[in-house]
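Novice: If you read the sequences in order, they're chains A and B. Under our numbering, think of the first position of the first sequence as 5, with each following residue one higher. Under our numbering, think of the first position of the second sequence as 5, with each following residue one higher. All residues carry an ideal CB built from backbone N, CA and C; glycine is no exception. None of these values were measured; they are calculated from a predicted model.
Protein chains: 2
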Amino acid sequence: MIVVGERINGNSKRVREAVVGRSADFIAREARLQVEAGADYVDVNAGTEAEREPDDMVWLVETVQSAVDKPLCIDSANPAALRAGLQAHKGQALVNSVSAEEARLEPVLDLVKGHGARVVALTLDDSGLPETTEQRIAIARKLAEAAERAGVARDDLFIDPLARAVGLENEQGAAFLDAVAGIRDSLPGAHVICGLSNVSFQMPARRLLNRTFLAMAMAKGLDAAILDPLDAGLMAVVCAGKALLGQDEMCLDFIQAYRSGRLGTQT
Amino acid sequence: MIVVGERINGNSKRVREAVVGRSADFIAREARLQVEAGADYVDVNAGTEAEREPDDMVWLVETVQSAVDKPLCIDSANPAALRAGLQAHKGQALVNSVSAEEARLEPVLDLVKGHGARVVALTLDDSGLPETTEQRIAIARKLAEAAERAGVARDDLFIDPLARAVGLENEQGAAFLDAVAGIRDSLPGAHVICGLSNVSFQMPARRLLNRTFLAMAMAKGLDAAILDPLDAGLMAVVCAGKALLGQDEMCLDFIQAYRSGRLGTQT
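1) Could you check whether Y45(A) and V287(A) sit closer than 8 Å to each other, using their CB atoms as the reference points?
2) If you measure between the beta carbons of L109(B) and V102(B), is that distance less than 8 Å?
3) Run through chain A and tell me which residues come within less than 8 Å of V196(B), C-beta to C-beta.
4) Quick one: measure Cβ to Cβ for V124(B) and I12(B), integer angstroms, because I've assumed they're closer than 8 Å.
5) Using 8 Å as the Cβ pair cut-off and three pairs as the minimum, do the segment 71 to 81 of chain A and the segment 139 to 149 of chain A touch?
6) Are at least three pairs of beta-carbons, each pair with one atom in the segment 204 to 224 of chain A and one in the segment 169 to 183 of chain A, less than 8 Å apart?
7) Does L113(A) come out as helix, strand or coil in the three-state DSSP assignment?
8) Quick one: which chain A residues come within Cβ less than 9 Å of R211(B)?
9) Taking 8 Å as the CB-CB cut-off, is I187(B) touching chain A?
10) Closest to E138(B) by CA distance: which of I163(B), A183(B) and G120(B) is it?
11) So, are the CB atoms of T271(A) and A209(B) less than 8 Å apart?
12) Do L238(B) and A244(A) have their beta-carbon atoms positioned less than 8 Å apart in this structure?
13) With distances taken Cα to Cα, identify the nearest neighbour of Q96(B) among L161(B), R153(B) and L126(B).
14) Would N49(B) be called buried (16 or more neighbouring beta carbons within 10 Å of its own) or exposed?
15) Is the CB of N100(A) under 8 Å away from at least one CB in chain B?
16) When you compare the CB positions of V203(B) and A240(B), do they come within less than 8 Å of one another, or not?
17) With DSSP run on the structure shown, which of helix, strand or coil describes N174(B)?
18) Is the beta carbon of F205(B) less than 8 Å from the beta carbon of G250(B)?
19) Can the beta-carbon of F30(B) be found less than 8 Å from the beta-carbon of A22(B)?
20) Which stretch, first to last residue, makes up the alpha helix (DSSP H) that contains I31(A)?
21) For chain B, is any of its Cβ atoms less than 8 Å away from the one on E106(A)?
22) Report the CB separation of V19(A) from T52(A) in whole angstroms; it is logged as a contact under 8 Å.
23) Take the Cβ of K246(B) as the centre, count every other Cβ of all protein chains shown within 10 Å, and call the residue buried at 16 or more, exposed below.
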C-alpha cells in the first residue's frame with residue numbers, strides 16, 4: 005500500500021498563507037510529520053494563482069525535499085506548475101494528475117515521460133465525471149493506452165477511479181469499488197489510487213466512513229491512497245488491511261505498530 | 005447485512021453456568037441487549053454435555069423467545085440438540101451448522117427442511133479445513149447441490165467459507181475474501197456468512213483487525229455475520245458499510261445511528 009500524504013495543499017488557507025509567506029518551517033514540519041506517520045510520497049499543491057504557481061511550486065519542492073527523504077507528488081491542474089515542479093524535483097516524482105480530457109492527456113503524459121516520472125490518471129474525460137463502473141473502466145483503458153503510446157511504464161501509472169459522495173448518490177460507493185476490481189483485472193501492473201474523503205462529503209461521521217471505505221477498497225485491489233497520514237485511525241486501517249491481505253510478512257509491521265502505540269486506542 | 009448475535013454461547017463459562025443453573029434473567033438480558041444493538045438473529049449454544057444438551061437447548065430457545073421478538077440461530081454440533089431446539093422454536097430458525105462431512109450433510113439438511121428452517125453451511129468436508137479459495141468454492145458448490153436435493157431453498161442457505169487466522173498463515177485472509185466473492189458469483193441467491201473473530205486469533209489489536217476484515221468482507225459480498233453486537237465499533241462498521249455499498253437508502257439508517265450516538269466516539 006502506497007500512502008500519499010495530502011496535507012500540504014493550498015486549498016487549505018493555512019497552507020496557502022505559508023506558501024505565499026515562504027514559511028519554510030511550517031511546510032517542512034508538515035512534511036516531516038507525514039513521513040514519520042508513514043507517507044511514501046508527500047503531495048505538494050500550492051493553490052495559488054496560475055501566474056505565480058510555478059514559482060511557488062519550485063519553492064515547495066525545494067523546501068519539502070530539504071526536509072524529508074521521500075519523493076513528492078507534484079499536484080496541480082496547471083501544466084506550467086507541473087513542469088516547474090518536475091524540473092526542481094530530485095529523483096522520481098509522482099505527477100497529480102492527468103485525465104482523459106483531450107487538451108491535457110498527451111501534453112501531461114509527454115511531460116511525465118520527459119522527466120521519468122510516475123502519474124496519477126483520473127478516469128475523467130471531456131464528457132465529465134463517470135457515473136458507472138463501466139464508464140470508469142473504459143476511461144481507464146483509454147488512459148493506459150495513451151500512457152503506453154507516450155512510453156510511460158504500466159508500473160508508473162496510478163489510475164484514480166474517482167470516489168463520489170454516497171450521501172448524494174447512494175450507488176456511487178459500489179460503482180467505485182467494482183471499478184477498482186475491474187481496473188486491477190483488466191490492466192495488470194497498473195496501480196489503483198484514490199483520494200478517499202470525497203466519498204463521505206456532506207455526511208456525518210466522515211472519519212468512520214473514510215476508514216471503512218479504505219478497508220473495502222483495499223479488499224477490491226486499491227494499492228495506493230491519497231490521505232491524511234496524521235489520521236491515526238485511517239493509518240491503523242492501512243496497517244491492519246496489509247496484514248489481513250497477506251501484504252505484511254508474518255504480520256511483523258502490524259505487531260510493531262501495535263507495540264509502538266501507533267494503532268491507537270480502539271484496538 | 006444480517007447480524008447474528010453470538011454472545012449466548014456455552015463456550016463462555018458464564019453462559020454455561022447460566023444454562024446449567026437456569027438463570028433465565030441473565031440469558032434474557034443477553035438476548036435483549038443484542039437485539040437492541042441490532043441483532044437480526046440471536047445465536048443459542050448450550051455448550052453442555054451431549055446427554056443433557058437437548059434439554060438445555062429447549063430451555064434456551066424458550067427463554068430467549070420469551071424475551072425477544074427475533075428468530076434464533078440454533079447452534080450445536082449435536083443433531084439431537086438441533087432437533088430439540090427446532091421443535092421448541094416458533095417461526096423460522098437458522099440452524100448452525102451443517103458441513104459437507106458425509107455423516108452430517110444429509111441428516112442435518114433433512115432436519116432443516118423438515119422444520120422449514122434456514123441453515124449455516126460450513127465449507128468443510130471429511131478432508132478437513134479448506135486452505136485455498138478454490139477448495140472453499142468447490143465445497144460451497146457441493147453444499148448448495150445437497151441443499152437443493154434436500155429441498156432447502158437457495159435463499160435459506162448461508163455459506164460460511166471459514167475465516168482462518170492470518171497471524172498463523174498470512175495468506176488465509178485473502179483466500180477467504182476471494183472465496184466470498186467467488187461464492188457470491190457462482191451461487192447466486194445464497195448468502196455468505198462468517199464468524200469474524202478467528203481471523204485475528206493470536207494477534208494483538210484484535211478488535212481493529214476484526215473491524216477492518218468485516219469491511220473488507222462486506223465489499224466482497226459477505227451479507228451476514230456472526231459477531232458480538234455489543235462491540236459498538238464493529239456495529240458502526242456494519243452501519244457504515246451498508247451506507248457505502250448502497251444498501252441504506254438515502255443513508256437514513258446511518259444518519260439516524262449517528263444522531264442517536266450509536267456510532268461511537270471515533271467518527
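Specialist: The structure says:
1) The first residue shown for chain A is 5 and the last is 271, placing residue 287(A) beyond what the model contains.
2) yes
3) Simply none; closest approach about 14 Å.
4) At roughly 16 Å, the Cβ-Cβ gap does not stay under 8 Å, so V124(B) and I12(B) are not in contact.
5) no
6) yes
7) helix
8) Q270 and T271
9) no
10) A183(B)
11) yes
12) no
13) L161(B)
14) buried
15) Closer than 8 Å: no.
16) No; because the gap between Cβ atoms is not below 8 Å, this pair is not in contact.
17) Reduced to three states, the DSSP call for N174(B) is coil.
18) No, they are not a contact pair.
19) Yes, the pair counts as a contact, with Cβ atoms nearer than the cut-off.
20) A28 to E40
21) no
22) In fact, because the Cβ distance is near 10 Å, the residues do not count as touching under 8 Å.
23) buried
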